[in-house]
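Following: one structure in structure tokens, then a few remarks.
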Amino acid sequence: MSKLIIGISGKKRRGKDTAALYLSSLLGAANAKTMYWATKLKIAAAEMLGLPTYHFFTDANKDKEYEIATGIFMTGRKFLQLFGTDCFRDLFHPNFWVFQFMKELSARKEGIILIPDTRFPNEYEAIKDQGGYVIRIERDMPFVEGDDHVSETALDDHQFDLVISNNGDLLGTNFIEPLKQFVEDYCR
72 MSKLIIGISG
82 KKRRGKDTAA
92 LYLSSLLGAA
102 NAKTMYWATK
112 LKIAAAEMLG
122 LPTYHFFTDA
132 NKDKEYEIAT
142 GIFMTGRKFL
152 QLFGTDCFRD
162 LFHPNFWVFQ
172 FMKELSARKE
182 GIILIPDTRF
192 PNEYEAIKDQ
202 GGYVIRIERD
212 MPFVEGDDHV
222 SETALDDHQF
232 DLVISNNGDL
242 LGTNFIEPLK
252 QFVEDYCR
């Protein structure tokens, strides 16, 4: 089997990681590996703030506030947005994180790679350039602060290989069945 890349896009808390977990179970853990564009970002952020790395890999901890300087508090998610996007992408180069990720990805010669944090056009294009697919997970949720950050909106107008409405039961036909069909159509 050659290498197949599947990006999963969507705003925060829409079900991207759940979709990756389900796809991994459908494809078999031996065949599918989940990787994140933001792994190195999250490790660096945890190191800078003196936190365990896992704090940036769970939604509950990303939504906690941390003291980033004396008397200055910010949620982990906001810190990641500012540090990863506004600092590295905007100040150094928009492809900084894509370049870092692709170096790691190039070591994998086969298998299916699931990327459930595909948020930017250059990430989308990197997947497409490799012959991969991008799935969009959508869910109706009330607007909260940070929902208008570019990391949440940059792919809103892109075309996806599959769009899933995650407004119902996760085990229902709106979420699971389209993923099953996607695997049959593109991964077998």
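To convert a position in the sequence shown, counted from 1, into the working numbering, add 71. All C-beta atoms in this analysis are idealised placements derived from N, C-alpha and C, irrespective of residue type, glycine included. Note that the structure is predicted; figures quoted are calculated from it, not measured.
Beta-carbon spacing of residue i, residue j below 9 Å
i	j	result
Lys-104	Ile-183	yes
Val-254	Leu-120	no
Ile-76	Leu-94	no
Gly-217	Lys-135	no
Gly-86	Phe-214	no
Val-234	Arg-207	yes
Lys-133	Leu-151	yes
Lys-74	Lys-199	no
Glu-196	Trp-108	no
Trp-168	Gly-147	no
Ala-117	Pro-123	yes
Ser-236	Glu-209	yes
Ala-90	Leu-250	yes
N- and C-terminal bounds of the beta strand (DSSP E) containing residue i
i	result
Lys-74	74-80
Arg-207	204-209
Span of the alpha helix (DSSP H) around residue i
i	result
Glu-255	247-257
Own chain residues within Cβ distance below 7 Å of residue i, not counting five before or after
i	result
Gly-142	none
Gly-203	Leu-75, Ile-76, Ile-77, Gly-78
Asn-166	Asn-193
Phe-159	Phe-167, Trp-168
Asp-256	none
Cutoff 6 Å; reference residue i; Cβ partners in own chain excluding five residues on either side
i	result
Met-145	Ile-139
Phe-172	Trp-108
Thr-239	In the sequence as displayed, the identity of residue 239 is Gly instead of Thr. Closer than 6 Å at Cβ, skipping near neighbours: Asn-245.
Pro-201	For the sequence presented, residue 201 should be read as Gln rather than Pro. Counting only Cβ-Cβ distances below 6 Å, and skipping sequence neighbours, we find Ile-76.
Asp-211	Asn-238
Contacting residues, own chain, Cβ-Cβ under 8 Å from residue i (five flanking each side not counted)
i	result
Phe-262	Because residue 262 is not part of the residues shown, which for the chain are 72 to 259, the question remains open.
Discussion item. For the structure I just gave you, are there three or more beta carbon pairs, one from the region 111-130 and one from the region 216-225, closer than 8 Å?
Written reply: Not touching, per the Cβ criterion.
Practice prompt. Flag this pair as touching only if the region 189-203 and the region 223-240 have three or more C-beta atom pairs under 8 Å; answer yes or no.
Written response: yes
Practice prompt. Pair every Cβ in the region 119-128 with every Cβ in the region 190-209, then say whether three or more of these pairs are closer than 8 Å.
Written response: no
Practice prompt. With a floor of 4 residues, list each alpha helix (DSSP H) that falls wholly inside the region 139-198, ordered by position along the chain.
Written response: 147-151, 167-177
Fill in: Every unbroken beta strand (DSSP E) inside the region 82-148 [3 residues or more]
Complete beta strand (DSSP E) runs here, min 3: 103-105, 136-140, 143-146.
Worksheet item: At which residue ranges does the region 220-245 contain complete beta strand (DSSP E) runs of 3 or more residues, listed in the order of the chain?
Response: Taking only runs of at least 3 residues, the beta strand (DSSP E) segments lying wholly in the region 220-245 are 233-236.
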